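Reviewing the structure listed below.
Structure follows, in structure tokens:
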């Protein structure tokens, strides 16, 4: 807009007399330009767009980022910051950011940034481990990481208590949460060749695995945890028996040598097996964490229930070499107990060293005869009365040889007729059973008597007489030899003559051109003609029986002698 002079007049203002309103109208109108609304250059749009993109990325990152957690491991082997992933069910849910030593330098601390959708995994009972190639009893695992690299595996917990610091596992857990199946507990005296990952078999089919074991110091026994996969956990019932199926079970019986094993894996790495006893009703499926007893082998596991044991004591006045703890106690071929301990005692009164054998017998295995010794209104079987009743009928304990090759002994309960009566005594809480010498002890005196009798035989005189007899026989044979040669020559000449006679007979009789053969043929022809004539005569007589009286009439075609033809 044009500015006016201070006096309010323009440079070309008219005189004072022209300052009238009419003079102002004669002046030109000034031009007025309206200011623009936005006076910003387009160059500023570039940083503005960059600012908006950065803000959106920041918001997206804030919305997608999850909690940051720390995991401790014994070693950072195969873990690389910025590269090692955290996977849950093979889905990436985070990544390792840093790896550093703990202050005491005993472990490494791995910092992991989780995604927002994995925030619920950071709870108390979540477990982490490094997935890498491993070789174990269950096989080779983690081979895929040879190409993709190791990663951190996750087993998500179910707790609601959040946590940001964890202690990682050095090996993968053998049972993940949510895996269908059931866990059972087995009580055993020793672990044998079992280990975590050892297979569990049913009818020689792998249905589970060993997932852990602990030694109970209070009870001095092992608790073995096994996991049976679904749907096979239904096969484990309240009647199920478990046994150690490691190695090869060799049995020598009446049918020969028998080898029993579950698989080659169980031979090398150990294994378990289970089954229900035969001829038992179907039991109900066992509950989770049910406790079973682990037997040493299949025969022990599937044996009839033994019931509570009854400790007994036996004293033998003989060598028990070959009798070891665990040796069977046999009653008429049925195993009713096991030897528990063998110890040497001293009898000052007799100045001898008897051997004391303590054992456990199971009265329930006596079968129906156990009920015959029942007493009391309740009918409870009195085991002592049962044993005394059997002893009164001649039952005695005796050592016998179970294997001639190894010399192993066992205790046999058998009836010995004619034995002196005996009483079952209780000493220090143990029943003392009467014993008799073993079969070998009884045979040894008999063998000694036989050897003594044999030693009295005059073998030297018998040898001299036999030698003289042989010399006489040799002289007799030498004298008979010339006569025998002459007789042999005569026999040879006789045989030659007989051979000549047979040759002559063959030429004169059996040769086809011999006269005898021709005469026989002519005779046969005559006999044939005579036979035909007789057959013709018989046919004629059958047709003309009157000819026997009248004779044969003349042939009408032939004229009678002296007649004429008219």
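In our numbering, the protein residues as written are 1 to 566. Note that the Cβ used here is the ideal one computed from N, Cα and C, for glycine as well. Since this is a predicted model, take the numbers as computed values, not measurements.
Original post:
Buried or exposed: where does residue 594 fall if 16 or more other Cβ atoms within 10 Å of its Cβ makes it buried?
Top reply: The displayed coordinates of the chain run from 1 to 566. Any statement about residue 594 would go beyond what the structure contains.
Original post:
Taking the alpha-carbon positions, what's the residue 186 to residue 434 distance?
Top reply: CA-to-CA, the gap between residue 186 and residue 434 works out to about 39 Å.
Subject >> Opening and closing residue of the beta strand (DSSP E) in which residue 579 lies >> reply: Here the chain covers residues 1 to 566 and nothing more, so residue 579 does not appear.
**OP:** Kindly indicate which three-state DSSP category residue 284 falls into: helix, strand or coil?
**Re:** Here residue 284 sits in coil by DSSP.
**OP:** Grab me the residues of residue 45's own chain with a C-beta within less than 7 Å of its C-beta, minus the 5 sequence neighbours each way, in chain order.
**Re:** Nothing meets the Cβ criterion.
Original post:
Nearest CA to the CA of residue 428: which residue from 235, 118, 312, 126?
Top reply: Per the Cα distances, 312.
**OP:** List the endpoints of the continuous alpha helix (DSSP H) containing residue 540.
**Re:** Residue 540: member of the alpha helix (DSSP H) spanning 515-543, first to last residue.
Subject >> Proximal residues to residue 228 (C-beta, below 7 Å), its chain only, five neighbours per side dropped >> reply: So the qualifying residues of the chain are 181, 182, 184, 200, 207, 208, 236.
**OP:** Return the chain-ordered list of same chain residues with a C-beta closer than 7 Å to the C-beta of residue 481, the five sequence neighbours on each side being excluded.
**Re:** Shown here for residue 481: not one same chain residue has a beta carbon closer than 7 Å to its own, the five before and five after excluded.
Original post:
How long is the line joining the alpha carbons of residue 160 and residue 198, rounded to whole angstroms?
Top reply: Distance between the alpha carbons of residue 160 and residue 198 is about 34 Å.
**OP:** Rank 396, 349, 304 by C-alpha distance to the C-alpha of residue 364 and give the top, closest one.
**Re:** Ranked by Cα distance from residue 364, the first of 396, 349, 304 is 304.
**OP:** Measuring alpha carbon to alpha carbon, tell me which of 340, 360, 355 ends up nearest residue 306.
**Re:** Scanning 340, 360, 355 for the CA closest to the CA of residue 306 turns up 360.
Subject >> Within the stretch 104-165, ranges of the beta strand (DSSP E) (whole runs, at least 3 residues) >> reply: Correct list: 108-115, 127-131, 134-136, 139-141, 151-155.
**OP:** Report the partner residues of residue 459 according to the DSSP bridge assignment.
**Re:** Answer is none; residue 459 lacks a bridge partner.
**OP:** Give every residue of the same chain whose Cβ lies closer than 6 Å to the Cβ of residue 291, excluding the five residues on either side of it in the sequence, and list them in chain order.
**Re:** Taken in chain order, the residues that qualify are 185.
**OP:** Grab me the residues of residue 402's own chain with a C-beta within less than 6 Å of its C-beta, minus the 5 sequence neighbours each way, in chain order.
**Re:** Here the set comprises 408, 410.
Original post:
Per DSSP, residue 91 forms a beta bridge with which residues?
Top reply: DSSP, once it has assigned bridges, lists 88 as partnering residue 91.
Original post:
Among residues of its own chain, excluding the 5 on either side of residue 85, which ones have a beta-carbon nearer than 6 Å to its beta-carbon?
Top reply: Around residue 85: 92, 95, 151.
Original post:
How many Å lie between residue 178 and residue 125 at the Cα?
Top reply: One alpha carbon belongs to residue 178, the other to residue 125, and they sit about 14 Å apart.
**OP:** Look up residue 316 in the DSSP assignment and say whether it is helix, strand or coil.
**Re:** It is a strand residue.
**OP:** Can you tell me which of the three DSSP states residue 547 falls into?
**Re:** Assignment of residue 547 by DSSP, reduced to helix, strand and coil, places it in the helix class.
Original post:
Cα-Cα, which of 336, 337, 353, 338 is closest to residue 344?
Top reply: The residue among 336, 337, 353, 338 with its C-alpha nearest the C-alpha of residue 344 is 353.
Original post:
Around the Cβ of residue 65, are there at least 16 other Cβ atoms within 10 angstroms (buried) or fewer (exposed)?
Top reply: Label assigned to residue 65: exposed.
**OP:** Go to residue 244, then tell me how far its beta strand (DSSP E) extends in each direction, as first and last residue.
**Re:** Note, residue 244: beta strand (DSSP E), 241-244.
Original post:
How is the alpha helix (DSSP H) around residue 218 delimited, first residue to last?
Top reply: Neither: residue 218 is in no alpha helix (DSSP H) and is coded neither H nor E.
Original post:
Three-state secondary structure (DSSP) at residue 361?
Top reply: Three-state DSSP puts residue 361 in a strand.
Original post:
Which residues share a DSSP beta bridge with residue 199?
Top reply: Note: residue 199 is bridge-paired with 209 in the DSSP secondary-structure output.
Subject >> Where residue 392 sits in the DSSP three-state scheme >> reply: It is helical.
**OP:** Tell me whether residue 254 sits in a helix, a strand or coil according to DSSP, three-state version.
**Re:** Here residue 254 scores only 44 on pLDDT, less than 50, and its place in the model should not be relied on; the value that follows carries that caveat. Three-state DSSP puts residue 254 in coil, outside helix and strand.
Original post:
Looking only at its own chain, which residues have a Cβ that is under 6 Å from the Cβ of residue 149, when we skip the five neighbours before and after it?
Top reply: Nothing listed; no residue qualifies.
Subject >> Nearest residue (CA-CA) to residue 70, options 416, 31, 128, 49 >> reply: Per the Cα distances, 128.
Original post:
Mind checking residue 533: buried by the 16 CB within 10 Å criterion, or exposed?
Top reply: Residue 533 is exposed by the Cβ-count criterion.
**OP:** Can you give me the start and stop residues for the alpha helix (DSSP H) that residue 298 sits inside?
**Re:** In the DSSP assignment, residue 298 falls within the alpha helix (DSSP H) that extends over 298-301.
Subject >> residue 270 to residue 191 span [Cα, whole Å] >> reply: Rounded to whole angstroms, residue 270 to residue 191 spans 10 Å at the Cα level.
Subject >> Limits of the unbroken beta strand (DSSP E) element including residue 506 >> reply: For residue 506, there is no enclosing beta strand (DSSP E), as DSSP marks it with neither H nor E.
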